[in-house]
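One structure is given below, encoded as structure tokens.
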Amino acid sequence: MKRSVDRILTTHCGSLARPENVLDLMRAKEMGEPYDAEAYATRVRGAVADSVGQQVRTGIDIVTDGEQGKSGFFSYVGERLSGFEARPNADGPRFEAEREAFPEYYRQYFSTAMMGGRVGRQVSLVCTGPVSYRGEEAVRRDIDNLRAATRAAAVEDAFLPAVAPGGGGENEYYPSEEEYLFAVADAMHNEYRAIVDAGFDLQIDDPYLTGIFSYSPLSAADKRRKAELSVEAINHALRGIPEDRVRFHTCYGINEGPRVHDAPLADYVDVMLRVNAGAYSLEAANARHEHEYHVWETVRLPEGKILMPGVITHASNIVEHPELIAERIVRYAKLVGRENVVAGADCGFSSQATYNPEVNPRVVWAKFQAMAEGARLATARLWA
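Start counting the sequence shown at 1438; every next residue gets the next number (the numbering used here).
Listed below in structure tokens is the structure:
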């Protein structure tokens, strides 16, 4: 995994808007309608190439495929893991405390955004049988598409995202939560291993860790036990994979809105740092979490690890000023060391495939350009 040895590097969290010609066929596929599978594969491959090329042109050093072939950052696992049943979910995302506090806002928001805005059916995944991995062909396609795109764009550093074991869905089959999580971890290990063996870094996407602390009705002690079990399952899934090939991304699973129930970083940072990863990507640029750089005044980033704080956010269409981005980078560099900071985004910009992404794609590219310029400004100050 590349470090900021002589300048601040830039990356992001993965998902980007899919083009309409991909969405049209993806929608048919998701709805169980007839579609041209060969044309779909060709369009996804082209979309990955276009996305990687644009990432490079806008100043991203460590690129990814934009999840162009996935319907959602977690819902795709229904195609890659056996043992799950898709069930209609008319209520959409939960976030009960937020919905109760701001019912009018979230009634409108969830009707068009996040799962309510995705191209396919709104479903929940439920485990109803033994879990096993069946995604070999799909992950190979992801790998081949990204490899072709990075070669065409002449970029060396790239990663592929994959969901954490906690994102598998609800359990109705295994006797205990622990058995269920470890079964999913065993299955997802195949995908994680394939990505790393192909020469790409692996990103674990895990909004579920923060969800335990934000929305669970459990006691504080039970929340920690549940979170620790989740991390144990992640590490089980990562067994045999070098830490310096893994980046762990956690966020809050919700994009825009009041978000007054987001758990503070201080509540879970120690648990997060137990994940066997070489880098930690987290929300740090939006109005609920920007102040949390102070956490690193008392929490020590383990030796050899990298912090990827969000310096641009997915929660607004405002393009951050490069000077502000530089200030954010410098804050972190002074706390954890300049070589241990890679500038990133709070979260993905299209976590669900949708015709109406919350952040306009042109705005995303402008944000990336601003981040690259902010990284240059920060570099000049940190290596002066």
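Ideal Cβ placement from N, Cα and C applies to all residues, glycine included.
Under the rule that 16 or more other beta-carbon atoms within 10 Å means buried, what is residue i, buried or exposed?
| i | result |
| --- | --- |
| W1802 | buried |
| E1541 | exposed |
| P1644 | buried |
| H1726 | buried |
| P1602 | buried |
| N1797 | exposed |
| D1443 | exposed |
| G1677 | exposed |
| Y1717 | buried |
| G1811 | buried |
| N1777 | buried |
| T1549 | exposed |
| A1724 | exposed |
| N1692 | buried |
| Q1640 | buried |
| P1679 | exposed |
| G1741 | exposed |
| E1475 | exposed |
| V1576 | buried |
| E1467 | buried |
| A1657 | exposed |
From residue i to residue j, what does the alpha carbon distance come to, in whole angstroms?
| i | j | result |
| --- | --- | --- |
| R1558 | F1786 | 20 Å |
| V1563 | F1521 | 5 Å |
| F1637 | R1480 | 22 Å |
| F1732 | H1626 | With the sequence shown as reference, residue 1732 is identified as Val, and Phe is not the correct amino acid for it. C-alpha separation (whole angstroms): 32 Å. |
| G1469 | Y1689 | 31 Å |
| S1519 | I1766 | 42 Å |
| V1633 | E1537 | 42 Å |
| Y1652 | D1623 | 27 Å |
| V1779 | D1642 | 17 Å |
| D1473 | L1462 | 8 Å |
| P1739 | L1446 | 20 Å |
| A1523 | G1515 | 8 Å |
| K1660 | G1604 | 17 Å |
| E1609 | T1565 | 5 Å |
| K1663 | I1649 | 7 Å |
| E1669 | L1453 | 30 Å |
| K1439 | P1471 | 43 Å |
| E1504 | Y1513 | 10 Å |
| E1729 | A1465 | 43 Å |
| I1580 | K1507 | 13 Å |
| E1573 | R1517 | 8 Å |
| S1569 | S1667 | 19 Å |
| R1571 | A1631 | 13 Å |
| V1600 | E1457 | 25 Å |
| V1736 | E1615 | 29 Å |
| R1584 | F1685 | 22 Å |
| T1816 | P1654 | 44 Å |
| A1752 | E1795 | 8 Å |
| A1620 | P1612 | 12 Å |
| N1754 | A1635 | 35 Å |
| E1535 | A1590 | 42 Å |
For my contact list, residue i and residue j are in at a C-beta cut-off of 8 Å; report their separation, rounded to the angstrom.
| i | j | result |
| --- | --- | --- |
| Q1789 | R1555 | 4 Å |
| L1582 | R1482 | The question names Leu, but residue 1582 is Asn in the sequence shown. That pair is a contact at about 5 Å. |
| V1560 | N1526 | 5 Å |
| D1699 | L1597 | The Cβ separation is near 27 Å, so there is no contact. |
| Y1792 | L1460 | 6 Å |
Excluding sequence positions up to five away, which residues of its chain have a Cβ less than 6 Å from the Cβ of residue i?
| i | result |
| --- | --- |
| A1586 | V1485, A1486 and V1489 |
| N1672 | N1713 |
| G1747 | E1720, A1721, A1722, G1781, A1782 and D1783 |
| P1695 | F1539 |
| L1618 | P1602 and A1670 |
| V1592 | V1493 and V1500 |
| A1703 | V1732 |
For residue i, list the residues DSSP reports as bridge partners.
| i | result |
| --- | --- |
| I1749 | A1782 |
| E1607 | V1563 |
| P1598 | Q1640 |
| I1743 | A1716 |
| Q1545 | In the DSSP output, where bridge partners are listed per residue, Q1545 has none listed. |
| H1686 | D1642 and S1718 |
| P1525 | V1560 |
| R1555 | T1791 |
What does a CB cutoff of less than 7 Å around residue i pick up in its chain, not counting 5 residues either side in sequence?
| i | result |
| --- | --- |
| L1675 | Y1629, V1683 and N1713 |
| T1687 | D1643, P1644, L1646, T1647, M1709 and L1719 |
| G1606 | F1521, S1561, L1562, V1563 and C1564 |
| E1734 | L1772 |
Looking only at its chain, what residues have a beta carbon closer than 8 Å to the beta carbon of residue i, apart from the 5 residues adjacent to it on each side?
| i | result |
| --- | --- |
| A1807 | I1749, V1756, E1757, H1758, P1759 and I1762 |
| R1818 | A1763 and V1767 |
| R1775 | S1441, I1445, L1819 and W1820 |
| F1805 | T1447, H1449, Q1492, T1495, G1496, I1497 and I1749 |
| A1478 | R1578 |
| R1711 | E1665, V1668 and N1672 |
| Y1543 | F1532, E1535, R1536 and G1694 |
Compare the C-beta of residue i with all C-beta atoms of chain B and state if any pair is closer than 9 Å.
| i | result |
| --- | --- |
| P1612 | Looking at the structure shown, chain B is missing, and only one protein chain is on hand. |
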